[in-house]
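*Asks:*
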Amino acid sequence: MLVTGAAAATLPAAALGTVVTGNPPPAKAAGATRKVTIYAEALPGNLFGYGLAPGQATVPGPVLEMYEGDTLEVTLVNTTNQRLSIHPHGVDYSVDSDGSPLHNSFNNPGETRTYVWRSREMFAAAGRRFMPGSAGYWHYHDHAMGTDHGTGGLIRGLYGALIVRRRGDILPDRQFTVVFNDLTINNRVAPNAPQFEANLGQRVEWIAIGHGSQFHTFHLHAHRWADNRTGMLEGPTDPSQVVDNKDLNPGSSFGFQVLAGEGVGPGAWMYHCHIQSHSDTGMVGIFLVRNADGSMPAGAQEAIDKHHGHTHVAAQQAAHGATQPQFVAPPEVRGPDPDHQHVHGD
Amino acid sequence: MLVTGAAAATLPAAALGTVVTGNPPPAKAAGATRKVTIYAEALPGNLFGYGLAPGQATVPGPVLEMYEGDTLEVTLVNTTNQRLSIHPHGVDYSVDSDGSPLHNSFNNPGETRTYVWRSREMFAAAGRRFMPGSAGYWHYHDHAMGTDHGTGGLIRGLYGALIVRRRGDILPDRQFTVVFNDLTINNRVAPNAPQFEANLGQRVEWIAIGHGSQFHTFHLHAHRWADNRTGMLEGPTDPSQVVDNKDLNPGSSFGFQVLAGEGVGPGAWMYHCHIQSHSDTGMVGIFLVRNADGSMPAGAQEAIDKHHGHTHVAAQQAAHGATQPQFVAPPEVRGPDPDHQHVHGD
Amino acid sequence: MLVTGAAAATLPAAALGTVVTGNPPPAKAAGATRKVTIYAEALPGNLFGYGLAPGQATVPGPVLEMYEGDTLEVTLVNTTNQRLSIHPHGVDYSVDSDGSPLHNSFNNPGETRTYVWRSREMFAAAGRRFMPGSAGYWHYHDHAMGTDHGTGGLIRGLYGALIVRRRGDILPDRQFTVVFNDLTINNRVAPNAPQFEANLGQRVEWIAIGHGSQFHTFHLHAHRWADNRTGMLEGPTDPSQVVDNKDLNPGSSFGFQVLAGEGVGPGAWMYHCHIQSHSDTGMVGIFLVRNADGSMPAGAQEAIDKHHGHTHVAAQQAAHGATQPQFVAPPEVRGPDPDHQHVHGD
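Chains as they are written, first to last, in full-length UniProt numbering: chain A, 1 to 346; chain B, 1 to 346; chain C, 1 to 346.
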């Protein structure tokens, strides 16, 4: 989470990374209320982006994070000349925070508006069952530009990741947001699709989101995850299928954590849409797993060069932000960190 | 289930809503055998529907329900001049109840034919594993009109929901069947797509079904569910992802229960296909969560009017059955209730 | 697995079919290393296939199997005049075994190259969670013919199933590989789509794989499975949805076991893509469940004849290999068995 506030202090650091020891669920924590201001801006190339400060908009927008029980007050500043909004998946909101024209819940050009997103823990239904809480790898997006469903905003980059964690969830070292949006990845295509980087053994969190009007499957080479809420197994009786390829269709999202290069070593690993006509036309990028000390592994630069058609390395890095740091600190202690953002292209 | 019979009395009321207390599974209950007559009829607009009485056919057809172990004898009366059938998903049937021309299992025009659907509980496989029982949110559909796969019947409305429950499953207050069928919802498009209604806090069961030749994702605003058999969690170690958007492709189905407006309040909430080109062209409807006393919440009528392009409210209700009651009683005590059916449109 | 070797003897037979008794996971077994030689060959009809001996290539290729912890050394002999490779899903490999041109990991025409695939068991992450092991119903495929993503090899048949089992997993009596590849099943269409056979009550393992550039859903009549790793339930609290129709999109795979005809009896059951325009144009085949003694059930031959448009039976069998035996022995004791392979069509 890129937002801080006084309320954050009410969450003890000890609550992070601890073990949840089973049924019944932990007593509902007093949720924190945090405020964040997001700036919707026009970007070069007829794109639009969300950012945490003026002039900082990116495609995708910043990763927003909450713990179950928290409330996020999102003040959206519309610096553009278009009608737009911010509509979240997975969290609770009243109709006036729906982000849809149906409820007049949008920002006119130049307008500032606050949307309130609440979350909650699971709660007993009946018998042994529980109504689910808000935890998940979700996303947010425009729901007002172009059409009443935000089709114009989505196709131009108004989307981002929203994570709601359960207390006890494992926090990652790095985070990547991958949006399969029509025939692009984060509104780019190879060789300018995003290049993500981590050092061998780092815990990397992927948040995958689908948008647009095409179907896709997300495939990551040499890494795999459980097809469930966390990507990890709860133990030998967790029935989840383990996958390395998963449907990523419009409006859907999922997330998982892998240890970069675990069992396979460093290298310039591919991730791509597995629809053959999509990968062949540019829905492919590089997950560069560096050596543990951050140095370039043998052969990786050659692979990257090949991916870029042997263009100059510095030009590549400028083009896709190859060297952007993506450190993730716990929500409670993390300050606004421009390096954490996913930089936008050209 | 909309069917009653003497056999139903063999299921004690105490078997409903009770808690299953873990492994091993409960002894197999003596399943009930129930009979239902379904009338396949031509409807205005070149549609066809299934109904529980002559002149009562609807699109989708009535929700049929069973408990694991039950048998349903479906006598299909074909009142039309077309070859057609009824083919179920999820349950057991012999080849002569397959509903396919491959097995000469269909009704010629004017013909009456009985199809037998059986169900069962999970049973031990080996080690700690069990072969699954029949419980699920399933569906039934024509498999004989137009082509040997019923493509002509499906495109004209011959489909409906079939629920097989486990003993102990929680029963809902209301039920909605949503079929994404090519570029329609229940063979309608906005503003005439189905409007579903519940009062704040009611337990609402959605059964979502995909048909046709297009891919879809089902999205519900301000509500979410666990992506598993029931939509609820079994507790903190249930690994299921919680979602508010899910693939809904031809032949697939899923179901879940939500508490209407829980945590978000009443309102005219949207549900829609999240494929942008599909929502923009009419695959969107309203889930009207009324106040707890059934009154219209502030702003909801305005939103509905906007959805309808400000047409007259009474006309809308006539068009999409906005006021249809959809109360669900336990299968054991429920009589044939025309109000329970999903009425068909203009 | 169709491969034997000295190392296989290190796996005691008692390790098969036993019960895993819960958390913590069993100590990591000493994995076996096995070697297999695979021949990539041109086939009639502009197809290509993988086989375990010269002249034995099939579409799909042979089912390869491992236990978690095992290593498979795949020596690929390219007997063709095309660049091609073998790329696995689900297992661990270094960049030089990636099978992609990006890493120069492919076989030139006439070249022989060894690819090393490793696997592992789940291991503790933090708290109660585990990083997943390799167990799953995976697949392998070309990643170098035609395009850098193997689009040319995939469309011509260079694919097959790869299973990684956990110790204690139940072994099947028969195995079927079903690949929905563009608008074909295993590069065939009805009436020449594969016909699979088992006797009533046999435990049949289906491995379903998606390839190409189209979306699909796999539907099997009269049988169903849990949508999880094994297709079976771990007990009453396993939340998995039970399905008989599942998305099968490019790059994805899943597997499950059913008891042939259990609860429904023998017969010529259909399996097909449930996209109506796909089933209508030939994505449909027969799962022939014979009587327990192997004899033809009443009516089944008539259904098969109808499926084939009443062509001569012997011709059908020649066309789709209707009588191929598909017995599966445990990996440890199974020798190279040509009957186990999926024969290729005319």
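For every residue, glycine included, the Cβ atom is placed at its ideal position computed from N, Cα and C.
#1: Please list the terminal residues of the continuous alpha helix (DSSP H) segment that includes I304(C).
#2: For D92(A), which residues does DSSP report across the bridge?
#3: Decide if the segment 245 to 255 of chain B is in contact with the segment 247 to 257 of chain A; the criterion is three or more beta carbon pairs, one per stretch, under 8 angstroms apart.
#4: Taking 8 angstroms as the cut-off, is the CB of G51(B) close to at least one heavy atom of the ligand HEM?
#5: Can you give me the Cβ contacts of A144(A) inside the same chain, cut-off strictly under 6 angstroms, excluding the 5 residues immediately before and after it?
#6: For G136(B), which of helix, strand or coil comes out of DSSP?
#7: Could you run through the segment 33 to 63 of chain B and flag, in chain order, every residue whose CB is less than 8 angstroms away from some CB of chain A?
#8: Examine the Cβ distances between the segment 158 to 176 of chain B and the segment 195 to 209 of chain B and report whether three or more of them are shorter than 8 angstroms.
#9: Using the beta-carbon count (16 or more within 10 Å), is M270(B) buried or exposed?
#10: Taking 9 angstroms as the CB-CB cut-off, is Y140(B) touching chain C?
#11: Can you grab the Cα-Cα spacing for the pair P191(B) / I185(B), in whole Å?
#12: Can a CB atom of chain F be found closer than 9 angstroms to the CB of I207(B)?
#13: For S295(C), count neighbouring C-beta atoms within 10 Å of its own C-beta (all shown protein chains included) and say buried if the count is 16 or more, exposed if not.
#14: Tell me where the beta strand (DSSP E) around L76(A) begins and ends.
#15: Do the CB positions of M232(A) and P62(C) come within less than 9 angstroms of each other?
#16: For the segment 254 to 287 of chain B, list every residue whose C-beta sits within 9 angstroms of some C-beta in chain A, in sequence order.
#17: Using 8 angstroms for Cβ pairs, my map puts G51(C) next to T58(C). What's the rounded Cβ distance?
#18: What number of angstroms, rounded off, separates the C-alpha of P239(C) from the C-alpha of N81(B)?
#19: Closest by CA to H180(C), which one among H87(C), A226(C), H278(C) and N104(C)?
#20: Does Q202(C) come out as helix, strand or coil in the three-state DSSP assignment?
#21: What residues in its chain sit with their C-beta under 6 angstroms from that of Q257(B), if we drop five residues either side in the sequence?
#22: Using alpha carbons as the reference points, say which of D305(C), I286(C), D148(C) and V36(C) lies closest to D280(A).
#23: What's the call for N228(B), buried or exposed, on a 16-neighbour Cβ count within 10 Å?
#24: Please decide whether G127(B) counts as near chain A, where near means a Cβ-Cβ distance under 9 angstroms.
#25: Is it buried or exposed, Q301(B), if we count other Cβ atoms within 10 angstroms and call 16 or more buried?
#26: Taking contact to mean at least 3 C-beta pairs separated by less than 8 angstroms, is the segment 219 to 227 of chain A in contact with the segment 151 to 166 of chain A?
#27: Give the secondary structure of N46(A) by DSSP, where H, G and I count as helix, E and B as strand, and everything else as coil.
#28: With a 10 Å radius around its C-beta and 16 neighbouring C-beta atoms as the bar for buried, classify A53(B) as buried or exposed.
#29: Anything in the segment 198 to 229 of chain B with a Cβ closer than 8 angstroms to a Cβ of chain A? List those residues in chain order, please.
#30: Going by DSSP, what residue range makes up the beta strand (DSSP E) through T147(B)?
#31: So, under 8 angstroms CB-CB, G255(A) and Y137(A) are touching, yes? Tell me the CB distance rounded to an integer number of Å.
#32: Check whether the Cβ of L233(A) lies closer than 9 angstroms to any Cβ atom in chain C.
#33: Measuring only the C-alpha atoms, how far is E262(A) from H216(A)?
#34: Could you give the first and the last residue of the continuous alpha helix (DSSP H) run that contains S279(C)?
#35: Which runs of the alpha helix (DSSP H) fall wholly inside the segment 144 to 183 of chain B and span at least 4 residues, in chain order?
#36: Would I163(A) count as contacting chain B if we go by Cβ distances under 9 angstroms?
*Replies:* Looking at the coordinates:
#1: By 1-based counting over the third sequence, the position of residue 304(C) is 304. Residues A300 to H307.
#2: By one-based count along the first sequence, residue 92(A) stands at place 92. As DSSP reads the structure, D92(A) sits in a beta bridge with R118(A).
#3: They touch, by the three-pair rule.
#4: The ligand HEM is not part of the structure shown, which contains no ligands of any sort.
#5: For the purposes of this step, residue 144(A) is taken as residue 144 along the first sequence, with counting starting at 1. Setting aside the 5 residues that flank it on each side, A144(A) is surrounded in the same chain by R83, L84, S85, P101, F106 and G150, each with a C-beta closer than 6 angstroms to its C-beta; the list follows chain order.
#6: For the purposes of this step, residue 136(B) is identified with residue 136 of the second sequence, where counting begins at 1. Reduced to three states, the DSSP call for G136(B) is strand.
#7: Hits within the stretch: zero.
#8: Touching, yes.
#9: Along the second sequence, read from residue 1 onward, the residue named residue 270(B) stands at position 270. By the Cβ neighbour-count rule, M270(B) is buried, with 16 or more other Cβ atoms within 10 Å of its own.
#10: Mapped onto the second sequence, residue 140(B) falls at position 140. Interface flag for Y140(B) against chain C is unset, since no Cβ pair is found closer than 9 angstroms.
#11: Start at 1 with the first residue of the second sequence, and residue 191(B) comes out as number 191. Start at 1 with the first residue of the second sequence, and residue 185(B) comes out as number 185. For P191(B) and I185(B), the gap between their C-alpha atoms comes out near 11 angstroms.
#12: No chain F appears in this structure, whose protein chains are A, B and C.
#13: Walking along the third sequence from the start, residue 295(C) turns up at place 295. By the Cβ-count criterion, S295(C) is exposed, with fewer than 16 other Cβ atoms from all chains shown falling within 10 Å of its own Cβ.
#14: Here residue 76(A) refers to the residue found at position 76 when the first sequence is read from its first residue. Going by DSSP, L76(A) is part of the beta strand (DSSP E) stretching over T71 to N78.
#15: Residue 232(A) sits at position 232 when you count from the first residue of the first sequence. Residue 62(C) sits at position 62 when you count from the first residue of the third sequence. Contact flag unset, no.
#16: When CB distances to chain A are screened at a threshold of 9 angstroms, the residues of the segment 254 to 287 of chain B falling below it are Q257, V258, L259, E262, G263, V264, G265, P266, G267, A268, W269, M270, H272, C273, H274, I275, Q276, S277, H278, S279, D280, V284 and I286, in chain order.
#17: In the third sequence, residue 51(C) corresponds to position 51, counting from 1. In the third sequence, residue 58(C) corresponds to position 58, counting from 1. With 8 angstroms as the limit, G51(C) and T58(C) qualify as a contact, their Cβ atoms being about 6 angstroms apart.
#18: On the third sequence, position 239 is the one that residue 239(C) refers to. On the second sequence, position 81 is the one that residue 81(B) refers to. Rounded to whole angstroms, the separation of the alpha carbons of N81(B) and P239(C) is 44 angstroms.
#19: The residue given as residue 180(C) occupies position 180 in the third sequence. Position check: residue 180(C) holds Phe in this sequence, whereas His was assumed. Taking only the C-alpha atoms, the option nearest F180(C) is H278(C).
#20: Residue 202(C) sits at position 202 when you count from the first residue of the third sequence. In the three-state reduction of the DSSP assignment, Q202(C) falls in the coil class.
#21: Residue numbering aside, residue 257(B) sits at position 257 when the second sequence is read from its first letter. Here the set comprises P172, R203, E205 and G231.
#22: The residue you call residue 280(A) lines up with position 280 of the first sequence. With respect to the C-alpha of D280(A), the residue from D305(C), I286(C), D148(C) and V36(C) having the closest C-alpha is D148(C).
#23: Counted from its first residue, the second sequence places residue 228(B) at position 228. Around the beta carbon of N228(B), a 10 Å sphere encloses 16 or more other beta carbons of the protein chains shown; the residue is thus reported as buried.
#24: The residue you call residue 127(B) lines up with position 127 of the second sequence. Taking Cβ atoms only, chain A never reaches closer than 9 angstroms to G127(B), which makes this a no.
#25: Position 301 of the second sequence, counting from 1, holds the residue named residue 301(B). Q301(B) is classed as exposed because its beta carbon has fewer than 16 other beta carbons within 10 Å across all chains shown.
#26: No contact exists between the segment 219 to 227 of chain A and the segment 151 to 166 of chain A.
#27: Residue mapping note: residue 46(A) aligns to position 46 of the first sequence, counting from 1. The three-state reading of DSSP puts N46(A) in helix, counting H, G and I together.
#28: By 1-based counting over the second sequence, the position of residue 53(B) is 53. It is exposed - the Cβ of A53(B) has fewer than 16 other Cβ atoms within 10 Å.
#29: Residues of the segment 198 to 229 of chain B with a C-beta atom less than 8 angstroms from some C-beta of chain A are F215, T217, H219, H221, A222, R224, W225 and A226, listed in chain order.
#30: Position 147 of the second sequence holds residue 147(B). Segment: none, T147(B) is in no beta strand (DSSP E) and carries neither H nor E.
#31: Numbered from its first residue, the first sequence carries residue 255(A) at position 255. Numbered from its first residue, the first sequence carries residue 137(A) at position 137. Confirmed, Cβ separation roughly 3 angstroms.
#32: Within the first sequence, residue 233(A) is the residue found at index 233, counting from 1. At least one chain C Cβ lies under 9 angstroms of L233(A).
#33: What you label residue 262(A) is simply residue 262 of the first sequence in a count that begins at 1. What you label residue 216(A) is simply residue 216 of the first sequence in a count that begins at 1. Distance between the alpha carbons of E262(A) and H216(A) is about 26 angstroms.
#34: As a first step, residue 279(C) is located in the third sequence; it is residue number 279 there, counting from the start. Segment Q276 to S279, the alpha helix (DSSP H) holding S279(C).
#35: If we require 4 residues or more, the alpha helix (DSSP H) runs fully inside the segment 144 to 183 of chain B come out as 151 to 155.
#36: Residue mapping note: residue 163(A) aligns to position 163 of the first sequence, counting from 1. For I163(A), the answer is no, since every Cβ of chain B falls outside 9 angstroms of its Cβ.
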